[in-house]
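J.: The structure is given below, and queries will be raised subsequently.
2 protein chains.
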Amino acid sequence: MARTAKHSKEELRDMALTAARAVIAEKGSRNLNVRAVATRMGYSVGTMYNIFEGLEELVAWLNAETLDALYEELARAPVTGKPETDLHSLLDRYLDFVTANRQGWNMLFEERPPEAKAPPAWYLEKVAQVFTLLGRMLHPLFAPGEEAELTRAVHLLWISLHGLWSLDADDKLFIVTRDPLEKTAHDMVDLYLAGLKARKGH
Amino acid sequence: MARTAKHSKEELRDMALTAARAVIAEKGSRNLNVRAVATRMGYSVGTMYNIFEGLEELVAWLNAETLDALYEELARAPVTGKPETDLHSLLDRYLDFVTANRQGWNMLFEERPPEAKAPPAWYLEKVAQVFTLLGRMLHPLFAPGEEAELTRAVHLLWISLHGLWSLDADDKLFIVTRDPLEKTAHDMVDLYLAGLKARKGH
DNA sequence: TACGTATATGAACAACGTTCAATTATCAGA
DNA sequence: TCTGATAATTGAACGTTGTTCATATACGTA
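Chains A and B are the protein sequences, given in the same order. Sequential numbering of the first sequence, starting at 4, is according to this note's numbering. Sequential numbering of the second sequence, starting at 4, is according to this note's numbering.
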């Protein structure tokens, strides 16, 4: 009883996300804008606002995809039970992902809350997923009943790594050190594990 | 032999920076723009471009001031020779500064290089200054001849803390932990020191 | 007083995100 | 087959940006 849609809402969203990635690949994420995406997907500006609340929501969807792809990659890391081995191999997956998905990875760090606006629930869940992975790997270092310490340890490690990723994404890591990202990452985990073991031994 | 300036270039720059801080205090850093600053200092838009290359340079000057103020605060921290004591008291200065200069502090983390544009030399120097402070405090934990290890340790600590500051500035720390910034910061330093001591003890 | 020039202006431009009245294309019923 | 209702799509237009630059201004000097 009405005009039929050429594409479903999901199709449109997929098309928009694909178009957006193409724009980013060609012009860089700084030049991602509504008109460019609309043109690229063969629709008008207005249609973008039928699909998304605005540009920020489109970016949020892009980041959601990136986080999913990251988790998929990380989840493949083997868990042998030896924290050193496991953490370092997890780190290698991180690093592989970063080099293979530079643009999308960097966009994660460009996202900024417009005001004091809480991130959606799914975002928290995706981050929590990664915590779970880290927790599994660090588990052997803690005695039963030390769950709180384990959780805190995971958080601290994640925050430290975030510092590294964040500097790298902003191309500012070289300000701190000339060592390559990989070396710094592994060094950080080593020092971190040394700290955890020292606590355990006492 | 010409029209005399009401204010010297330095005066104008100071007025602009003051005006900018006022705008930020009132409307938030998101609403900092050339016209608002110009109006506030009683000049026109064009004058802004006689003083600065553009808005980004104005922000860079603001950040330079913030970094100077931070260093001044940090440099006051006493160096007793006990790394735990010294690092924790340095941390308290950090935290005091953050709460006292929220807006300016947050702007440091909003600055993003437009492209692959190297930051000015003075920026690198200001960061290096902080490294020097950290290095002095960690010095007792290293034997003579271990300068390279000391340097790397300083970098790793700084990067880890950067992760924490960065999350806090973006109001995203709560995603990781519900613990307050202060507790997380001190925990991070504790774990870090434990790792360093473990390495020292072999 | 008139000229030259450093200083200051603000209209104008391009690009942006966003809105929404108008247009289009389809289907259901007459 | 025609018509009206309705959902999908459009793109002109608005407001706000950063930035430019021809113009106006006001002062020291001749």
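Every residue gets a Cβ at the ideal spot worked out from N, C-alpha and C, and that includes glycine.
Could you spell out the range, first to last residue, of the alpha helix (DSSP H) harbouring V179 (chain B)?
T.: Residue mapping note: residue 179 (chain B) aligns to position 176 of the second sequence, counting from 1. Looking at the DSSP string, the run of the alpha helix (DSSP H) that includes V179 (chain B) is L176 to V179.
J.: Any contact between the stretch 180-199 of chain B and the stretch 185-205 of chain A? By contact I mean 3 or more CB pairs, one from each, below 8 Å.
T.: Touching, yes.
J.: For L159 (chain A), return the contacting residues in chain B, with the cut-off set at a CB-CB distance below 7 Å.
T.: On the first sequence, residue 159 (chain A) is found 156 positions in, with the first residue counted as 1. Here the neighbours are D190, M191 and L194.
J.: Could you compute how far the alpha carbon of R43 (chain A) sits from the alpha carbon of L58 (chain A)?
T.: Position 40 of the first sequence, counted from the first residue, corresponds to residue 43 (chain A). Position 55 of the first sequence, counted from the first residue, corresponds to residue 58 (chain A). Spanning the two alpha carbons is a distance of roughly 15 Å.
J.: Using CA coordinates, which residue listed in A:F177, A:A72 and A:P81 is at the minimum distance from L111 (chain A)?
T.: Sequence index remark: in the first sequence, residue 111 (chain A) carries index 108 (1-based). L111 (chain A) has its Cα closest to that of A:A72, out of A:F177, A:A72 and A:P81.
J.: Find the residues of chain B that neighbour I178 (chain A), judging by a C-beta separation of less than 8 Å, and give them in chain order.
T.: Taking the first sequence and counting its residues from 1, the one referred to as residue 178 (chain A) is at position 175. Going along chain B in sequence order, the residues near I178 (chain A) (Cβ under 8 Å) are P122, Y126, L127 and V130.
J.: Would you say S169 (chain B) faces chain A, with C-beta separation under 7 Å as the test?
T.: Your numbering for residue 169 (chain B) matches position 166 in the second sequence. True, the Cβ-Cβ gap to chain A drops below 7 Å.
J.: Please look up how many angstroms separate the CB atoms of I178 (chain B) and P122 (chain A), rounded, as I've assumed it's under 8 Å.
T.: Looking up residue 178 (chain B) in the second sequence gives position 175. Looking up residue 122 (chain A) in the first sequence gives position 119. Yes, I178 (chain B) and P122 (chain A) are in contact; Cβ-Cβ is about 7 Å, under 8 Å.
J.: Beta carbons nearer than 9 Å to chain A: which residues of the stretch 15-45 of chain B have them?
T.: Those residues of the stretch 15-45 of chain B that come within reach of chain A (Cβ to Cβ, closer than 9 Å) are G31 and R33.
J.: Do V48 (chain B) and R33 (chain B) have their C-beta atoms closer together than 7 Å?
T.: Counted from its first residue, the second sequence places residue 48 (chain B) at position 45. Counted from its first residue, the second sequence places residue 33 (chain B) at position 30. No, the pair does not count as a contact, with Cβ atoms beyond the cut-off.
J.: List, in order along the chain, the chain B residues whose C-beta lies closer than 7 Å to that of A197 (chain A)?
T.: Position 194 of the first sequence holds residue 197 (chain A). G198, A201 and R202, listed in chain order.
J.: Check N104 (chain B) in the structure and name its three-state DSSP category.
T.: Translated into positions along the second sequence, residue 104 (chain B) becomes position 101. The answer is coil: DSSP assigns N104 (chain B) none of H, G, I, E or B.
J.: With a 10 Å radius around its C-beta and 16 neighbouring C-beta atoms as the bar for buried, classify S169 (chain B) as buried or exposed.
T.: Position 166 of the second sequence, counted from the start, is the residue given in the question as residue 169 (chain B). Looking at its Cβ environment, which holds 16 or more other Cβ atoms inside 10 Å, S169 (chain B) is buried.
J.: Relative to the C-alpha of A80 (chain B), which residue among B:A22, B:L136 and B:K175 is closest?
T.: Here residue 80 (chain B) corresponds to residue number 77 of the second sequence, with the count starting at 1. Out of B:A22, B:L136 and B:K175, B:L136 has the C-alpha closest to the C-alpha of A80 (chain B).
J.: Taking the C-alpha atoms as reference points, what is the distance between A25 (chain A) and L65 (chain A)?
T.: To locate residue 25 (chain A), count along the first sequence from 1; it is residue 22. To locate residue 65 (chain A), count along the first sequence from 1; it is residue 62. Those two C-alpha atoms are separated by around 12 Å.
J.: Assuming L20 (chain A) and E68 (chain A) make a contact with CB atoms under 8 Å, what is their CB distance in whole Å?
T.: One-based indexing of the first sequence puts residue 20 (chain A) at position 17. One-based indexing of the first sequence puts residue 68 (chain A) at position 65. 7 Å between Cβ atoms; contact.
J.: Please report how far the alpha carbon of A103 (chain A) lies from the alpha carbon of A5 (chain A), in whole angstroms.
T.: Walking along the first sequence from the start, residue 103 (chain A) turns up at place 100. Walking along the first sequence from the start, residue 5 (chain A) turns up at place 2. Going by the C-alpha atoms only, they are around 45 Å apart.
J.: For S92 (chain B), decide whether its Cβ has a neighbour in chain A, counting only Cβ atoms nearer than 7 Å.
T.: Locating residue 92 (chain B) in the second sequence gives position 89, counting from the first residue. Not one chain A Cβ lies under 7 Å of S92 (chain B).
J.: By the 10 Å Cβ neighbour count, where 16 or more other Cβ atoms means buried, how is W125 (chain B) classified, buried or exposed?
T.: Residue numbering aside, residue 125 (chain B) sits at position 122 when the second sequence is read from its first letter. Exposed, since its Cβ has fewer than 16 Cβ neighbours within 10 Å.
J.: To the nearest angstrom, report how far apart T187 (chain A) and K9 (chain A) are at their CA atoms.
T.: If you number the first sequence from 1, residue 187 (chain A) lands on position 184. If you number the first sequence from 1, residue 9 (chain A) lands on position 6. Roughly 50 Å separates the two Cα atoms.
J.: Within the stretch 23-74 of chain B, note down every full alpha helix (DSSP H) run reaching 4 residues or more, in order along the chain.
T.: Segments of the alpha helix (DSSP H) lying fully in the stretch 23-74 of chain B: 37-43 and 48-54.
J.: Do you know whose CA, among B:L164, B:M140 and B:S163, lies nearest L153 (chain B)'s CA?
T.: Reading the second sequence from its first residue, position 150 is the one you call residue 153 (chain B). It is B:M140 whose Cα lies nearest to the Cα of L153 (chain B).
J.: Does the distance from the CB of L167 (chain B) to the CB of I162 (chain A) come in under 7 Å?
T.: Taking the first residue of the second sequence as position 1, residue 167 (chain B) is located at position 164. Taking the first residue of the first sequence as position 1, residue 162 (chain A) is located at position 159. For L167 (chain B) and I162 (chain A), yes; Cβs fall inside 7 Å.
J.: Step through the CB atoms of chain B and report whether any lies within less than 7 Å of the CB of S163 (chain A).
T.: Numbered from 1 along the first sequence, position 160 holds the residue referred to as residue 163 (chain A). By this cut-off, S163 (chain A) is an interface position.
J.: Give me the chain A residues within the contact set of R139 (chain B), using Cβ-Cβ distance strictly less than 8 Å, ordered along the chain.
T.: To locate residue 139 (chain B), count along the second sequence from 1; it is residue 136. Result: empty, since nearest Cβ-Cβ is about 18 Å, beyond 8 Å.
J.: Mark G107 (chain B) as exposed unless 16 or more other C-beta atoms lie within 10 angstroms of its C-beta, in which case mark it buried.
T.: The sequence position of residue 107 (chain B) within the second sequence is 104, counting from 1. It is buried - the Cβ of G107 (chain B) has at least 16 other Cβ atoms within 10 Å.
J.: Are the CB atoms of P147 (chain B) and G84 (chain B) within a distance shorter than 7 Å?
T.: As a position in the second sequence, residue 84 (chain B) is number 81, starting the count at 1. As a position in the second sequence, residue 147 (chain B) is number 144, starting the count at 1. Cβ distance not < 7 Å, so G84 (chain B) and P147 (chain B) don't count as in contact.
J.: In this structure, how does DSSP classify T7 (chain B) when only helix, strand and coil are distinguished?
T.: By one-based count along the second sequence, residue 7 (chain B) stands at place 4. It is coil, neither helix nor strand.
J.: Along chain B, in chain order, which residues have C-beta atoms closer than 9 Å to that of G166 (chain A)?
T.: If you number the first sequence from 1, residue 166 (chain A) lands on position 163. Within 9 Å Cβ-Cβ: W161, I162, S163, L164, H165, G166, L167, W168, S169 and L170.
J.: Along chain A, in chain order, which residues have C-beta atoms closer than 8 Å to that of R115 (chain B)?
T.: Counted from its first residue, the second sequence places residue 115 (chain B) at position 112. Ordered by position in chain A, the residues that pass the 8 Å Cβ test against R115 (chain B) are E113 and D173.
J.: Please name the residue, chosen from A:A78, A:R115, A:L98 and A:I27, that lies closest to A172 (chain B) on a Cα-to-Cα basis.
T.: Counting from one through the second sequence, the residue named residue 172 (chain B) turns up at place 169. Measuring from the Cα of A172 (chain B), the nearest candidate turns out to be A:R115.
J.: Can the beta-carbon of L70 (chain B) be found less than 7 Å from the beta-carbon of K129 (chain B)?
T.: As a position in the second sequence, residue 70 (chain B) is number 67, starting the count at 1. As a position in the second sequence, residue 129 (chain B) is number 126, starting the count at 1. A contact, by the Cβ cut-off of 7 Å.
J.: I need the boundaries of the alpha helix (DSSP H) containing E114 (chain A), first residue and last residue.
T.: Locating residue 114 (chain A) in the first sequence gives position 111, where the first residue counts as 1. Per DSSP, E114 (chain A) belongs to no alpha helix (DSSP H) and is neither H nor E.
J.: Thinking just about the alpha-carbon of each residue, which of A:H189, A:V157 and A:A131 is nearest to the one in R155 (chain B)?
T.: If you number the second sequence from 1, residue 155 (chain B) lands on position 152. When each option's Cα is compared against that of R155 (chain B), the closest is A:H189.
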